[in-house]
Structures are given as structure tokens and as C-alpha cells.
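Sequences listed follow chains A and B, in order.
Numbering-wise, the first sequence is residues 1 to 300 according to our numbering.
Numbering-wise, the second sequence is residues 1001 to 1291 according to our numbering.
Every residue gets a Cβ at the ideal spot worked out from N, C-alpha and C, and that includes glycine.
All of these numbers come straight from a predicted model, not from anything done at the bench.
Since the structure comes first, as C-alpha cells, the remarks are kept for the end.
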Amino acid sequence: MIENNNQKYQQLEKASKTKNTIYRWILFLILAVFAAYYIAPLYVMIVTSFKTMAEIRQGNLFALPNDLNLESWYVAWNGQGFAAGDVFLKTYFWNSAKMVLPAVIISTIMGAINGYALTKWRFKGDSYIFLLFLFGTFIPYQSILLPMSRTLGFMGISNSIFGLILVHVIYGLCFTTLFCRNYYVSISDEIVKAARIDGAGFFKIFFKIMLPISAPILVVTVIWQFTQIWNDFLFGATFTFGKEAPIQVALNNMVLTSSSVKRYNVDMAAAIIAGFPTLIVYVLAGKYFIRGLTAGSVKG
Amino acid sequence: MFWLKRNLPRIVIAPSFGVIAWFVYGFIFWTIYVSFTKSKLLPQYQFWGLDQYYRLWSMPRWHIAVENLFIFTILFIILCVLIGIILAILLDQKIRAEGFLRTIYLYPMALSFIVTGTAWRWMLNPTLGLEKFAQDLGFSSFTFDWLVTPGMSIYTIVIAGVWQSSGFIMAIFLAGLRSIDDEIIKAAKIDGAGLISLYTKIILPMMRPVFMSAIVILVHLAIKSYDLVIALTAGGPGISSDMPAVFMTQMAFHRSEIGLASASAIMMFLTVSAIVVPYLYSELKREDDRK
């Protein structure tokens, strides 16, 4: 019966082959049109960043630049050189780097240990604790913004990179714990049980057994946290101002300044610089990036 | 010593648990309480009832924000799901360049909403952007000035939002399609199901959980959307593209209306909860049933 079905199936496949070629061309066309839609803004950003303002005013959005004009990139990074009201990205790019590195490392380590404890050392009430973390990934941050800004004030770390690191570690914890918990729950308990019988303790099992097999989920978690924290605007804009701001805030200030003549080429160069680190991570580790997104979506 | 060993897992969790309990749930309760007070520039803790909520719902600006959120959420969900499904189904037809195309469809997700907003703000620029491009092509009467037109600027946020998030929905649906058993598809083909009825009658109904996840994610993204509005329209022209998240930060940090801001934050929190709690409940129940 099964063999019969298979034969029938292959015949069906063969018969539809010619019809298929036409379909496939239409299919490719639709896919290509969508690809053009997604790629267009990036293309426009890149070509605009290399144009002069005169070219921008004369030509159209999609035209290639006459030659590679690097001045707008220089201005976006270093500023125009006047003292007051000059906006540029250099300082803020490094602010973000100084913030992202410790915040990602601390929240990932804590998430891994939490996930391990919640799955391999079950105790009474652990599933309720997990529920608190899980729901924490959904809350709109507006409902914690006011008390957080007061708390940072009390602690004397408002408007500082250190304050932002703290905020990102706290609210990232829900995500990192969730990711690691969901990964460890799929790993057999038998290994841990065997190790416990052999007398290995909590941390020994974690470092000797769990950590060596955790590479995939740690990569996913690190990439997720890096993207979230680098791209954050709400916390940065609420808790910092002036020279302490992270890069997304600086980019927004730069684009929205209405004091001088608009320089779209500088805006575009700045936007590419601000998006570059996460874009590189995406290109290099796209697989893990997508896994993080879908892990974050199909929760529980 | 034995006690320590026995309770080590709890002790390890305790700091994180404390942090979450205080900074997430404690803070939410603080905000709820303050929304019942008369707080202006500084919080004051005398209970005042539902006054701030009455004030909130009698403000025209809040109504604009809620209406915009409604328009944005509906269109955002419909377009993202539609594009996501179409792309996922097309990509699932054993396309040769699948990996490459997937990379292109999904890269906007790696960019921040500020970068997205900046890029689209330039694309939609009324004098130099897409409008000029179409005019240069010969359509001299073509106008596309939604960005600066009250009542239309909210749709520019939809355009940019869909561009940023639809690839992600495609990825979720593609993962869902890949998890469907090949035998089911083969059997349906043998029974004479065409490609269209195969998808509409068999595969898509099987993907109901994926639909649910996608919609919950999109709704909660929509309610939280703040950065994109700021970068693209800053809530303008005027307050025509205001959204609840923008309203809240305005009231809290620019207008010294802490009580009112808290009330609006709690409205957002309740809306998200109303969608997420039943979803999580059904998800966790499903997981329990599987055990």
C-alpha cells in the first residue's frame, strides 16, 4: 500500500513538472519584488551617505552618487568642529560599547545559572518563580519608568553609564533566564542525577557538565541581549542626557536637530554607523539571531 | 552545612528573584498606587481615587493616542501576518536561494527602531524622497506627503513598522511550516488536493498556535511602540500621530504630571496583560498536557 502510494506520488510529481517551471518563474518574481522592498531603504541610506547635498537636491533617491564623497561620514563621526551644539557620534558610540559589554556578560551569566537552577534542581514553587520571569518579558516598560528613574536618582547613578548597565541587566534578566531555562529543560536529567550520585555539587555540575554543552544557547542569549541593549532607545532617552547618552539617543538628537540646514547625507551616514554593529552580528551569526527571535516568541 | 547544600539552588535564585520582585512587580505596584494620587512634579502618597483615570479619559490628546494605537495595531498585524505568510509559503517551495532571500527579508529586525525611523523619514521626505523620484519618472502630479499631513502620518509609522517586523513573522511561519509532517502533505497531494487548497484547507489550519504567537507578539510590540514614533514623526505634525507610550513619557518627564502618566502606563499594562495572560495560560497548559 505504502509503496503503491509512493509510486502514485512520483507520477503526480512528474506530471506537474512543466506547469511547475512557469509557476517557479512567477514565484521567483514575487520573491524578488519583496527582496527589493526590504533592501531599498538600506540601499538608499548607503547611496545618500556618499552624495553631496547638491547632488541630493538635484538627483533622485535611488541614483548612484557621482563619486564616493566621504565627508558626511567624517562629519557624522567627528562633528563639524564648532564648539556649541555640534552633534556627532564618536563619544556616544563608545558610551554604548562601554554599556553593552558588561550588561550582556552579567545578564547572560545570571540567566544561565538561573535557568540551570530552575530546571535541574527543582524545588517547591520554582515554576511560580519561572512564571514571574516569563511575564516579565512582556511588561511595557512605561509601567516601571517612573520608579526606576527615582531609584537611580536615590542611588546617585542617574545619568551614568553605570546606571544604564544596571537597568539593562535587571530587565534583560527575564529574557536570559527564559532562554536558558527553555534550553536546559530539554536536556536529560539523567546526566545531572548521575553526577549527583557521584557526589558532585551544584556548581561543579554547572561548570563541568552544563556549561560545556551550553554554547548554542549562550550564543543565542548573548546575541539577543547585544541587539536589545545596543538598539535600546527608551531607557537611554529617559535615564541619560548630554554626554552620557547611548548611541541611539545621539542619532535621534542628530537627525532631529532643526537648528542648521538639514544634511541628509550626514544623517544617513550616522544611521548606518548606529546600525552597523548589530547588522554585522546578524550577517555573521544570522542563524543564532533567528533562533533567539523564535525562542523569544514561542515561550513557555 | 547540610542546610546550605540543600538550599543552594534557592540561594542562587534568590538575588535574581529579589531583583525581579522589586524592580518589576514592586515598581508596577508603585505605579498603580501613584496613579491613584494627585502627584504632579513629585509623587505624593495620599490616596485620591480614580481621578487621574477620569482626567485621562477626558483628554482629547489621550483619545487621539488610543485611536492611533488602534489604527496602527490593526494595520500592523494584518500586513505583517499577510506578508509573513505569503513569504513563508513561497520560500517553502524548495527555492534555491532560500538562505540568501531569508537573510534579506529578516535583516531589518537587526536594526533599531531609531535607525529604521531615520531611514524611512528620508525615504518619505515630501520634497526629496519617493515623491521626487516618482515625479522625475514623469508622474509630475504625484504627491506623497503623508509624513507632514495630520491624519496621514500615522500610516507612515505603519509602513516603517511593517518593513521592520514582517520578516520576523515570516521566520516564525517558516519554522511552523517546516515542523509539519511531510507525510500529511504527501497524503493530501495523493488525494488530489491542489496547492491552494492544500494550504488553505490543511496546512494553515494546523498552524493556529503559530498565528496566536505571531498576533500576541505583534500586539505587544504595537502597544510598546515608542522609538519608531519618536524617530519618524515625533508624534507630529502637532500631536496627530501620538501614541500611548509617547503620551506617557511626555506627561511623566516633560509635563510634570506623574499621576496622569502613571494612569496611562497602567492602561498600557492592563491592555498587554489582557492579551498576554490568557495566551501564556494556554501555552503553559499545552505544555503540561504534553507531559
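Range covered by the alpha helix (DSSP H) that runs through residue i
{"i": "B/Asp967", "result": "In the structure displayed, chain B extends from 1001 to 1291; residue 967 of chain B sits before or after that span and is not available."}
{"i": "B/Asp1324", "result": "Nothing can be reported for residue 1324 of chain B: it is not among the residues displayed for chain B, which extend from 1001 to 1291."}
{"i": "B/Gln1164", "result": "Ser1153 to Arg1178"}
{"i": "B/Tyr1025", "result": "Unbroken run through B/Tyr1025: none, as it is neither H nor E."}
{"i": "A/Glu55", "result": "Met53 to Gln58"}
{"i": "A/Tyr74", "result": "Glu71 to Asn78"}
{"i": "B/His1220", "result": "Arg1208 to Lys1224"}
{"i": "B/Ser1241", "result": "Counting along the chain, B/Ser1241 falls outside any alpha helix (DSSP H), and DSSP gives it neither H nor E."}
{"i": "A/Glu244", "result": "From DSSP, A/Glu244 is part of no alpha helix (DSSP H); its letter is neither H nor E."}
{"i": "B/Pro1015", "result": "Phe1002 to Ile1020"}
{"i": "B/Lys1189", "result": "Asp1182 to Ile1190"}
{"i": "A/Ile272", "result": "Tyr264 to Leu284"}
Nearest-angstrom beta carbon gap, residue j and residue i [assumed within contact, 8 Å]
{"i": "B/Val1158", "j": "B/Phe1076", "result": "6 Å"}
{"i": "A/Ile290", "j": "B/Ala1171", "result": "5 Å"}
{"i": "B/Leu1177", "j": "B/Asp1092", "result": "5 Å"}
{"i": "A/Asp267", "j": "B/Thr1118", "result": "6 Å"}
{"i": "B/Ile1275", "j": "B/Val1219", "result": "5 Å"}
{"i": "B/Ser1153", "j": "B/Pro1015", "result": "With a Cβ gap of about 45 Å, B/Ser1153 and B/Pro1015 do not count as contacting."}
{"i": "A/Ile209", "j": "A/Val192", "result": "7 Å"}
{"i": "B/Val1019", "j": "A/Leu173", "result": "7 Å"}
{"i": "A/Pro147", "j": "B/Thr1031", "result": "6 Å"}
{"i": "A/Leu61", "j": "B/Lys1132", "result": "7 Å"}
Residue burial classification, residue i (beta-carbon count within 10 angstroms, cutoff 16)
{"i": "A/Gln225", "result": "buried"}
{"i": "B/Val1162", "result": "buried"}
{"i": "A/His168", "result": "buried"}
{"i": "A/Ser186", "result": "exposed"}
{"i": "A/Thr48", "result": "buried"}
{"i": "B/Lys1285", "result": "exposed"}
{"i": "B/Asn1068", "result": "buried"}
{"i": "B/Arg1121", "result": "buried"}
{"i": "A/Asn265", "result": "buried"}
{"i": "B/Pro1150", "result": "exposed"}
{"i": "A/Ala112", "result": "buried"}
{"i": "A/Lys287", "result": "exposed"}
{"i": "B/Glu1257", "result": "buried"}
{"i": "A/Glu301", "result": "Any answer about residue 301 of chain A is impossible in this case: the structure gives chain A only from 1 up to 300."}
Closer than 8 Å to chain B by CB, residue i
{"i": "A/Ile205", "result": "no"}
{"i": "A/Gly300", "result": "Any reading at A/Gly300 needs caution, since the residue's pLDDT is 34, under 50, leaving its predicted position unreliable; the model's value is listed next. Yes, because at least one Cβ of chain B sits closer than 8 Å to the Cβ of A/Gly300."}
{"i": "A/Phe162", "result": "no"}
{"i": "A/Leu132", "result": "yes"}
{"i": "A/Pro246", "result": "no"}
{"i": "A/Phe88", "result": "no"}
{"i": "A/Trp121", "result": "yes"}
{"i": "A/Asn252", "result": "yes"}
{"i": "A/Gln10", "result": "no"}
{"i": "A/Ile139", "result": "yes"}
{"i": "A/Tyr183", "result": "no"}
{"i": "A/Tyr38", "result": "yes"}
{"i": "A/Gly115", "result": "no"}
{"i": "A/Ser143", "result": "yes"}
{"i": "A/Val220", "result": "no"}
{"i": "A/Met148", "result": "yes"}
{"i": "A/Asn60", "result": "yes"}
{"i": "A/Phe289", "result": "yes"}
{"i": "A/Val33", "result": "no"}
8 Å Cβ cutoff, residue i in contact with chain A
{"i": "B/Thr1200", "result": "no"}
{"i": "B/Val1276", "result": "yes"}
{"i": "B/Ser1179", "result": "no"}
{"i": "B/Ile1078", "result": "no"}
{"i": "B/Val1219", "result": "no"}
{"i": "B/Pro1237", "result": "no"}
{"i": "B/Pro1205", "result": "no"}
{"i": "B/Ala1193", "result": "no"}
{"i": "B/Lys1040", "result": "no"}
{"i": "B/Tyr1226", "result": "yes"}
{"i": "B/Asp1145", "result": "no"}
{"i": "B/Ile1196", "result": "no"}
{"i": "B/Gly1151", "result": "no"}
{"i": "B/Ala1263", "result": "no"}
{"i": "B/Ala1188", "result": "no"}
Next item on the list: Identify every run of the beta strand (DSSP E) within the stretch 175 to 240 of chain A, keeping only runs that are complete inside it and at least 3 residues long; order them along the chain.
Entry: none
Next item on the list: Report the residue ranges of all alpha helix (DSSP H) runs contained in full by the stretch 1056 to 1128 of chain B; include only those spanning at least 4 residues, in chain order.
Entry: List check, alpha helix (DSSP H) in window: 1060 to 1091, 1098 to 1106 and 1113 to 1123.
Margin query: List, from N- to C-terminal side, the alpha helix (DSSP H) runs of 4 residues or more that fit wholly inside the stretch 96 to 159 of chain A.
Written below: If we require 4 residues or more, the alpha helix (DSSP H) runs fully inside the stretch 96 to 159 of chain A come out as 126 to 136 and 142 to 154.
Next item on the list: Identify every run of the alpha helix (DSSP H) within the stretch 1243 to 1276 of chain B, keeping only runs that are complete inside it and at least 4 residues long; order them along the chain.
Entry: 1244 to 1253
Notebook entry, point to check: Going along the stretch 1054 to 1075 of chain B in order, which residues come within less than 8 Å of chain C, judged by CB to CB distance?
Noted result: Absence of chain C from the displayed structure is noted, the protein chains being A and B.
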